[in-house]
Amino acid sequence: MKASRHVAAAIPLAAVLYAAGRSPLEIALAASASVLIDVDHLADYVLCRGGWFGLRDFFQSCNEARLNRLYLVLHAWEWIILGGVAALAAGAPLPGMVVCGMAWHLVFDAIGNRGVVVPGFYWFFRRAGVGFDAARLYRDPSRIYA
10 MKASRHVAAA IPLAAVLYAA GRSPLEIALA ASASVLIDVD HLADYVLCRG GWFGLRDFFQ
70 SCNEARLNRL YLVLHAWEWI ILGGVAALAA GAPLPGMVVC GMAWHLVFDA IGNRGVVVPG
130 FYWFFRRAGV GFDAARLYRD PSRIYA
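For our numbering, count along the sequence shown from 1 and bump the result up by 9.
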């Protein structure tokens, strides 16, 4: 899903949390986490492209499914489960809101990218199991950079 859509998707998340009586700080954390989780795309881009070639190339490479490796270390249901359990066990609402925002993001990614990536893509160990090889993770690997 494109960055602009993730920013737009943070608005209903904030509205739901506001309606649930969450504090402004909790709302800000969840909404921010739902967008900032995408920072892991930067690392993948630099690793796969061998450097930085500008914002246009970055967005084109990511949005057009051209990277040959997909690590995306933050895009993983494993972190949602572990973080959620830890936040609940500790009774820590602020980390819980970060997990909430990340989960919100993954739900939208899983729906929006279901035609782009293989089932199970948003499990880190699924990606690791194929060596993070994009040719085995994209449904149509024909546009991957050589």
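Idealized CB from N, CA, C, for every residue including glycine.
From a predicted model like this one, the values you see are computed outputs, not experimental measurements.
Expressed to the nearest angstrom, what Euclidean distance is found between the alpha-carbon atoms of residue i and residue j?
i: L49; j: Y80; result: Reading the sequence as shown, one finds Asp at residue 49 and not Leu. Taking the straight line from one Cα to the other gives about 8 Å.
i: D47; j: W86; result: 14 Å
i: A52; j: L97; result: 30 Å
i: R145; j: A37; result: 36 Å
Following the continuous alpha helix (DSSP H) through residue i, name the residue where it begins and the one where it ends.
i: A52; result: 49–58
i: V116; result: 102–121
i: A85; result: No alpha helix (DSSP H) holds A85; DSSP gives it neither H nor E.
Please classify residue i: is it buried, with 16 or more other beta-carbons within 10 angstroms of its beta-carbon, or exposed?
i: G105; result: buried
i: R136; result: buried
i: D66; result: exposed
i: A143; result: buried
Under 8 Å between C-beta atoms, does residue i make it to chain B?
i: I153; result: The displayed structure is made up of one protein chain only, and chain B is not part of it.
Give the DSSP bridge partners of residue i, in chain order.
i: P78; result: The question names Pro, but residue 78 in the sequence shown is Arg. Answer is D142, bridged to R78.
Please report the Cβ distance between residue i and residue j, rounded to the nearest whole angstrom; I am assuming they are in contact, meaning their Cβ atoms lie under 8 Å.
i: V125; j: Y147; result: 6 Å
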